[in-house]
DNA sequence: TTGTATGCGTTATCAT
DNA sequence: ATGATAACGCATACAA
């Protein structure tokens with residue numbers, strides 16, 4: 001049988017409550033008894049049954065996270081950062097994958113709520129189709145959205161300041177001599193697609209860059225390849241192509257190269273996110289890095305705030321990204 | 001207050017035990033009462049408190065997993081597969097990141113055990129430094145190693161058949177006309193480094209390929225770049241370079257390209273694992289794909305077997321990989 | 001400061 | 001087949 005707190009108490013010659021208090025530090029315990037208890041605990045190799053504790057305290061020390069797809073190269077870094085941020089306060093991450101399906105996502109959200117997680121960090125699959133399920137769980141457990149958010153639900157959100165990211169990119173492109181730029185990004189189904197599109201025009205204008213009509217498709221390498229063809233069909237290429245994320249940018253590079261256009265020699269290309277492979281690509285991608293650690297910390301902070309403060313107006317926290325200049329915009 | 005099974009029982013006009021049995025199906029319950037109970041449960045929106053259930057049944061329905069580093073591009077696909085395999089039986093994955101540190105890993109293993117996970121799936125950070133902690137938790141909960149294993153611990157393992165993978169690669173290289181090949185891989189600190197090295201010679205011999213002295217460093221793009229230089233310094237390049245994993249292969253490609261050597265035109269290059277970026281790289285990497293879904297299923301199966309059967313001789317399951325031919329070995 | 005007794009929500013045991 | 005009751009391991013209200 002496992003060693004329980006009863007065994008510890010017995011061995012230390014105290015009551016169970018004293019043992020509990022001595023170990024948790026919830027209430028003061030005499031110095032001698034404290035040492036007796038801790039000694040007994042160590043001697044017996046006692047380790048708390050977190051389940052029983054959670055049942056009693058209503059706190060599991062676990063936080064649930066649902067990502068659209070963990071194999072999507074953007075999320076592992078985020079998961080890692082959140083796992084790390086949580087472990088700072090002794091909590092653990094219960095990770096679920098939504099398989100890009102709002103229905104699966106809904107099941108996962110409920111399952112996590114049933115396991116009494118202390119909070120839920122969610123990157124919703126869809127801006128609209130995920131809304132109901134998210135609102136439902138939010139009624140029973142604190143929820144923070146990360147990266148993406150759903151429309152029509154007043155929930156906290158933490159992500160990157162897309163407008164600021166695009167300003168960084170525009171500034172850099174202007175610095176290296178670009179005059180004409182075009183955006184290749186995702187449409188407005190996702191919240192990030194919308195805000196990146198909205199941020200692009202003003203950012204370009206601020207740095208006196210001439211823009212052409214944006215090409216909007218979806219986040220993915222295939223769309224980037226296709227967009228490169230569309231762009232060439234349009235006429236002379238711009239000086240620079242701004243990808244809505246790294247995958248699109250990589251697709252653009254590949255599409256261009258297949259047509260004999262060299263990057264960065266003939267055209268500059270930038271990405272967004274700094275997903276793992278951006279540095280591995282050839283040419284390595286100039287991109288905007290999301291501050292994973294800060295995003296993670298903010299998520300955790302909002303979660304704790306929600307637990308403490310109860311109902312509040314939803315907070316939306318957009319953190320500043322940083323520019324990472326690599327070979328795709330560096331002419332030798 | 002949350003709705004508990006008491007509420008359901010009351011509304012259905014039965015005892016709590018009957019309600020429990022009707023809902024769980026543990027013991028037969030009269031048809032009428034069953035319908036009354038399920039109706040009441042649905043009407044009240046009852047959802048079981050998994051914690052309380054777990055405390056009683058000693059089964060949490062969660063499986064812990066510890067990976068060396070989730071941002072390492074090999075692991076997300078594995079995590080996804082395991083998450084999926086588990087969800088088939090209604091279980092969930094508690095994911096931890098060891099931050100490449102055996103000490104952190106040890107803490108995570110204990111934390112998961114304290115949370116009463118039903119099983120543990122671990123890709124150990126180090127073949128030697130991870131052994132003690134792994135053996136310790138294995139004493140209290142079923143453990144299955146995946147991908148890598150520790151020496152000196154009799155624990156189940158599921159992974160890929162490295163020798164078979166290298167035979168696939170050698171066969172393919174022979175098919176496309178290569179005569180001389182060299183291995184660039186990791187040393188023998190990791191179990192995979194050891195077995196891939198061991199499998200290379202026989203695989204090459206089987207297909208009448210001439211081999212040169214292998215270059216052994218570590219899994220990582222930097223080593224690949226450096227190895228490319230070492231290889232060029234050695235004299236004329238071989239027809240093909242076999243990377244110990246995809247990162248090394250990518251580094252080799254980059255190192256060669258920096259020196260003006262073209263892939264695949266001048267030299268063929270292969271990887272191992274089919275990590276996410278292998279398909280995204282340029283040129284896309286010919287590699288050996290690990291059967292993630294099968295590996296995941298086997299992990300789960302062994303876990304369940306261990307729960308059921310108690311102590312057994314450790315099982316080591318090496319699954320057959322498949323060859324993925326891409327541009328890095330395809331001359332146009 | 002310490003001990004006693006109760007309950008968290010559920011399932012298992014033992015009756016009937 | 002059904003119900004009363006105890007117990008899982010822990011933390012806390014209350015009493016001393």
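Protein chains in written order, with UniProt numbering: chain A, 1 to 332; chain B, 1 to 332.
Heads up, the beta-carbon is just placed ideally off N, CA and C, and yes, glycines get one too.
For residue j and residue i, the rounded distance between their alpha carbons
| i | j | result |
| --- | --- | --- |
| residue 152/B | residue 190/B | 13 Å |
| residue 210/A | residue 293/B | 49 Å |
| residue 61/A | residue 304/A | 12 Å |
| residue 100/B | residue 219/B | 13 Å |
| residue 237/B | residue 139/B | 51 Å |
| residue 105/B | residue 123/B | 10 Å |
| residue 164/A | residue 325/B | 41 Å |
| residue 17/A | residue 26/A | 11 Å |
| residue 66/A | residue 117/A | 12 Å |
| residue 373/B | residue 276/B | Beyond the ends of chain B as shown, which are 1 and 332, falls residue 373/B; an answer cannot be given. |
| residue 150/B | residue 75/A | 29 Å |
| residue 329/B | residue 95/A | 37 Å |
| residue 323/B | residue 173/B | 11 Å |
| residue 291/B | residue 160/B | 8 Å |
| residue 29/A | residue 81/B | 48 Å |
| residue 86/B | residue 55/B | 21 Å |
Beta-bridge partners of residue i, as assigned by DSSP
| i | result |
| --- | --- |
| residue 157/A | 145/A, 316/A |
| residue 185/A | 216/A |
| residue 31/B | Its beta-bridge partners do not exist; DSSP assigns none. |
| residue 99/A | DSSP lists no partner for residue 99/A. |
| residue 93/A | 63/A |
| residue 269/A | 241/A |
| residue 180/A | 210/A |
| residue 289/B | 273/B, 322/B |
| residue 120/B | 64/B, 143/B |
C-beta neighbour in chain B for residue i, strict 9 Å
| i | result |
| --- | --- |
| residue 20/A | no |
| residue 120/A | no |
| residue 253/A | yes |
| residue 260/A | no |
| residue 116/A | yes |
| residue 99/A | yes |
| residue 290/A | no |
| residue 282/A | yes |
| residue 296/A | no |
| residue 75/A | yes |
| residue 140/A | yes |
With 16 other Cβ atoms within 10 Å as the buried cut-off, status of residue i
| i | result |
| --- | --- |
| residue 130/B | buried |
| residue 230/A | exposed |
| residue 224/A | buried |
| residue 108/B | buried |
| residue 195/B | buried |
| residue 264/A | buried |
| residue 128/A | exposed |
| residue 266/B | exposed |
| residue 31/B | exposed |
| residue 15/A | exposed |
| residue 34/B | buried |
| residue 40/B | buried |
| residue 179/A | exposed |
| residue 64/A | buried |
is_contact[residue i, chain A] using C-beta, thresh 9 Å
| i | result |
| --- | --- |
| residue 245/B | no |
| residue 10/B | no |
| residue 213/B | no |
| residue 71/B | yes |
| residue 276/B | yes |
| residue 113/B | yes |
| residue 236/B | no |
| residue 110/B | yes |
| residue 92/B | yes |
| residue 216/B | no |
| residue 52/B | yes |
| residue 79/B | yes |
| residue 83/B | yes |
| residue 60/B | yes |
Distance cut-off 8 Å: residue i Cβ against heavy atoms of the ligand ADP
| i | result |
| --- | --- |
| residue 199/A | The ligand ADP is absent from the structure shown, which contains no ligands of any kind. |
Task: Inside the stretch 199-245 of chain A only - beta strand (DSSP E) runs reaching at least 3 residues - done: Runs of the beta strand (DSSP E) inside the stretch 199-245 of chain A: 215-217, 240-243.
TODO: Give, in chain order, every unbroken run of the beta strand (DSSP E) that is at least 3 residues long and sits entirely within the UniProt domain "HTH lacI-type" (3-57) of chain A.
DONE: Listed in chain order, there is nothing to give.
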